[in-house]
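Counting from 147, one number per residue, gives the positions in the sequence shown under this note's numbering.
C-beta atoms are modelled at their ideal positions from N, C-alpha and C, and glycine is treated no differently.
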Amino acid sequence: MTKVADKLKEKLEGEEEEEVGEEECEEDEEEEDCEDEEAEEEYEEEDEEAEEEEYEEEEYEEEEEEEEYEEEAEDCEDKESAVVLPKGWIQQYSNQYNCPLYCNTKTGETQWHAPGTIPPKTSGAVQRDPYQAQHSFRGTGNKKALLVGINYEGTDSELSGCINDAINLKQFIVENYGYNPSPQTMLMLTDDATDRKKQPTLKNLLAGFYWLVSNTKPGDELFFSYSGHGGQIEDDDGDRSSGLDCTLCPADYDTAGQIRSDDVHKYLVAALPEGVKLTVIMDCCHSGTMMELPYTYRPDANGKMSPVDLVKKGITIVSGAQKLLQGGFSMSKINDAKKLFEEAKGLAAAFNSGKETTQGGYKEEAFNENSAAPKMVFCLSGCRDEQTSADATFDGKASGALTYAILKSLEANRNLSYEELLLQLRGFMKGEFSQIPQLSCGVPVDPKSPFSF
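Spelled out as C-alpha cells, the structure:
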C-alpha cells in the first residue's frame with residue numbers, strides 16, 4: 147500500500163510540475179507578446195513623429211514660397227509705380243477692373259500696360275474688354291424716334307429755334323440713318339402742333355417716353371431729341387453734390403411742373419429693355435447729366451474742369467455779384483441773383499469734386515439709380531450742369547447751338563468717332579459760346595468707335 151501510495155504521490159507531483167511548467171511557458175509567451183506590442187507601439191509613435199516633422203517641413207516650405215511670392219509681387223508693384231511715363235501719358239485706375247490703365251491725353255489712346263513695356267502674357271486667358279457691352283450690340287434694323295421742340299410761344303420764356311431743331315433732326319435721320327417717319331415709328335411733339343396729343347405738355351412727354359421704350363426688343367435702336375428749356379430744382383434724393391437736380395421744362399411747366407432728371411432716368415433708362423440702344427440729344431440748359439447715366443466722358447486727368455476754367459468761372463460769378471449790388475433791387479435782379487446762386491453752387495461742386503476719371507477718361511457718377519443693370523444709352527448734351535445752352539441764329543435761321551453743330555459736323559463727315567464729334571462740337575462753341583458739350587453713357591463707349599444714331 148505504501149509503495150502504491152508513494153507512486154501515486156510521485157505521479158501527482160510530476161503532473162503538478164508539468165502544469166507549473168506550462169503556466170510558466172504561457173507567462174513567458176504573454177510577456178513576449180507584450181514586448182512585441184510595446185515595440186510595435188513605439189515604432190508607430192516614431193512613424194507619427196516622423197510624419198509630423200515632414201508636415202511641419204512642408205508648412206515651412208509653403209510659408210517660404212508665400213513670402214517669396216509676396217516679395218515678388220511687391221517688387222512688381224515697385225517696378226510698376228517706378229515706371230517713368232512718356233510725355234502726354236497718365237496712369238489711372240479702373241475701379242471696375244481693379245487694375246491700372248494708361249491713357250494718352252493728346253490722342254485718347256488707352257492701354258492696360260505701361261507705355262514702352264511689353265504687354266503681359268495672358269496664358270490663354272481672355273482679357274476683359276471695357277467696351278464689351280457696346281461691341282456685343284447687333285442691330286436688328288428696327289428703329290423708333292421721339293423728337294421734341296418747344297418754343298414756348300407767347301410766353302415770357304419764348305425761344306426761337308427749338309421747333310426747327312426737331313424738324314431738321316427728323317429730316318437728317320430719315321435721309322441718312324434709316325428711320326421711318328411713319329406714325330408707328332416716329333413721334334414729334336412741338337408746341338405749334340394742331341393736334342393736342344402732339345403738343346409737348348408734361349402729360350404728352352411722359353406718354354412719349356413710354357411709347358418710345360415699349361414694344362422693343364434686343365437689337366432695336368431708339369433716338370430721342372429734346373430742344374427747349376432746361377432748369378434746376380433742389381435735389382430730393384441726395385445724390386448730387388451740387389444739391390440740384392436737372393429738369394426738362396414742358397410747354398405747360400408753369401402749371402404742370404417740370405420733369406426732374408430722376409424721372410427722366412426712370413422713364414427712359416431704367417425702363418429701357420436690356421440690349422436696346424438709345425441715343426439722346428439734349429439741347430437745353432443744365433443738361434450735362436440730365437439722363438443721370440453712370441459715366442461722363444471727361445478726358446482730362448482729373449475728370450473735371452481745368453483750374454483755369456474754374457478760376458474764369460469764379461471771376462464771372464464775382465463780377466455778376468458786384469453788378470447786382472449796384473443800385474436798387476428789382477424782380478429781374480432777384481431772378482438774376484437766383485441764377486447766380488445756382489452757378490456758384492455748381493462751381494463749388496466742381497472745386498470739391500475729387501473723383502478721378504477711369505476707363506480712358508470716363509468719370510464715374512454716383513447717382514442712386516446707377517445700381518441697376520447697365521443700359522446702352524449714349525447722350526450728347528449741350529453743356530455742363532452749371533451752364534446754359536444757346537438759342538441762336540445760324541445761316542439766317544434760328545436753331546439750338548448744339549443741334550446746329552451736330553448736323554453740320556455729321557453732314558461734312560458721317561464717319562466721325564464719338565471722340566472726334568465731341569471735339570468738333572467743343573471746337574464749334576469755343577470763342578462763340580461758353581457752353582461745353584458733354585457725352586454721358588450707360589456703358590463706357592469706345593471713344594474711337596463710329597458715332598451713329
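K349 to Y443, Cα distance in whole Å? Taking the straight line joining both Cα atoms gives about 32 angstroms.
Taking only runs of the alpha helix (DSSP H) that begin and end inside the region 535-591, which ones reach a length of at least 4 residues, in chain order? DSSP assignment within the region 535-591 yields the following whole alpha helix (DSSP H) runs of 4 residues or more, N-terminal first: 547-558, 564-575.
Decide if the region 294-312 is in contact with the region 384-391; the criterion is three or more beta carbon pairs, one per stretch, under 8 angstroms apart. Judged by Cβ distances under 8 angstroms, the region 294-312 makes no contact with the region 384-391, as fewer than three pairs qualify.
Look up F318 in the DSSP assignment and say whether it is helix, strand or coil. Of the three classes helix, strand and coil, the one that applies to F318 here is helix, per DSSP.
Which of the three DSSP states, helix, strand or coil, is assigned to F370? Looking at F370 - three-state DSSP - the assignment turns out to be strand.
Check whether the Cβ atoms of H432 and D531 lie closer than 8 angstroms to each other. Taking the C-beta atoms as reference points, D531 is found nearer than 8 angstroms to H432.
Mind checking whether C529 and Q570 have CB atoms under 8 angstroms apart? In this structure, Q570 does not lie closer than 8 angstroms to C529 by Cβ.
Pairs of beta-carbons, one from the region 402-414 and one from the region 546-559, closer than 8 angstroms: are there three or more? Judged by Cβ distances under 8 angstroms, the region 402-414 makes no contact with the region 546-559, as fewer than three pairs qualify.
Leaving out five residues on either side along the sequence, give the residues of the same chain with a beta carbon under 8 angstroms from the beta carbon of A519. For A519, where only same-chain residues beyond five positions count, the Cβ hits under 8 angstroms are E420.
Leaving out five residues before and five after V422 in sequence, what residues of the same chain have Cβ atoms less than 6 angstroms from its Cβ? Cβ neighbours of V422 within its own chain (closer than 6 angstroms, five residues either side excluded): T362, D366.
In angstroms with no decimal places, state the Cα-to-Cα distance between T534 and I427. Using only the alpha carbons, I get a separation of about 15 angstroms.
Should K343 and M334 be called a contact, given that it needs their Cβ atoms to be closer than 8 angstroms? Their beta carbons are not under 8 angstroms apart, which means K343 does not touch M334 by this criterion.
Sequence-distant residues of the same chain with beta carbon closer than 7 angstroms to G588, five excluded per side: Hits under 7 angstroms: V415, L439, P440, P520, K521, M522, V523.
So which of R572, E511, F579 has the shortest CA-CA distance to D537? When C-alpha distances from D537 are compared across R572, E511, F579, the shortest belongs to F579.
I need the DSSP call for C395, collapsed to helix, strand or coil. Note: C395 maps to coil in three-state DSSP.
Sort K316, G300, P364 by Cα distance to G287 and report the nearest one. The closest CA to that of G287, considering only K316, G300, P364, is found on P364.
V320 vs Y372 beta-carbon contact at 8 angstroms: Not closer than 8 angstroms, so no.
Would you mind working out which of F574, N559, L358 sits nearest T331, comparing C-alpha positions? Nearest of F574, N559, L358 to T331, Cα basis: L358.
What's the C-alpha gap between Y323 and V230? Answer to the nearest angstrom: the Cα atoms are 46 angstroms apart.
Locate the beta strand (DSSP E) running through A610, then write down its first and last residues. Residue 610 is absent from the model: the chain starts at 147 and stops at 599.
Closest by C-alpha distance to S555, when choosing among A544, L567, S563: Per the Cα distances, L567.
Would you give the residue range spanned by the beta strand (DSSP E) that L526 belongs to? Note, L526: beta strand (DSSP E), 522-527.
Proximal residues to G262 (C-beta, below 7 angstroms), its chain only, five neighbours per side dropped: Within the same chain, P232 come within 7 angstroms of G262 by CB-CB distance, once the 5 residues on both sides are set aside.
Under three-state DSSP, which class holds L305? Coil at L305, not helix or strand.
So G295 is in the beta strand (DSSP E); what residue range does that whole segment cover? First-last of the beta strand (DSSP E) with G295: 289-295.
Starting from the N-terminal side, write out each stretch of the alpha helix (DSSP H) that is 4 residues or longer and does not extend beyond the region 336-363. Entirely contained in the region 336-363, the alpha helix (DSSP H) runs reaching 4 residues are, in chain order, 348-359.
Given this structure, state the Cα-to-Cα distance separating N297 from H375, to the nearest angstrom. Distance between the alpha carbons of N297 and H375: 9 angstroms.
What does a CB cutoff of less than 7 angstroms around Y564 pick up in its chain, not counting 5 residues either side in sequence? Cβ within range, chain order: L585, V591, P593, S595, F597.
From the DSSP output, which residues share a beta bridge with I427? DSSP output for I427 lists S371, L526 as bridge partner(s).
Judging by CA-CA distance, which residue of D381, G307, R284, F355 is the nearest neighbour of M417? The displayed chain sequence assigns Ala, not Met, to residue 417. It is F355 whose Cα lies nearest to the Cα of A417.
Measure the CB-CB distance between P327 and A397 and report whether it falls below 8 angstroms. For P327 and A397, no; Cβs fall outside 8 angstroms.
Between the C-alpha atoms of K316 and L553, what's the straight-line distance to the nearest angstrom? When rounded, the distance between both Cα atoms is 11 angstroms.
What is the DSSP secondary structure of A512, reduced to helix, strand or coil? In the structure shown, A512 sits in coil (DSSP, three-state: anything other than H, G, I, E or B).
Kindly indicate which three-state DSSP category R274 falls into: helix, strand or coil? Low confidence applies here, because R274 scores a pLDDT of 47, under 50, leaving its location unreliable; read the following figure in that light. Collapsing the DSSP output to three states places R274 in coil.
Three-state secondary structure assigned by DSSP to Y413: Helix at Y413.
Cα separation between G234 and A260? Rounded to the nearest angstrom, the two C-alpha atoms are 13 angstroms apart.
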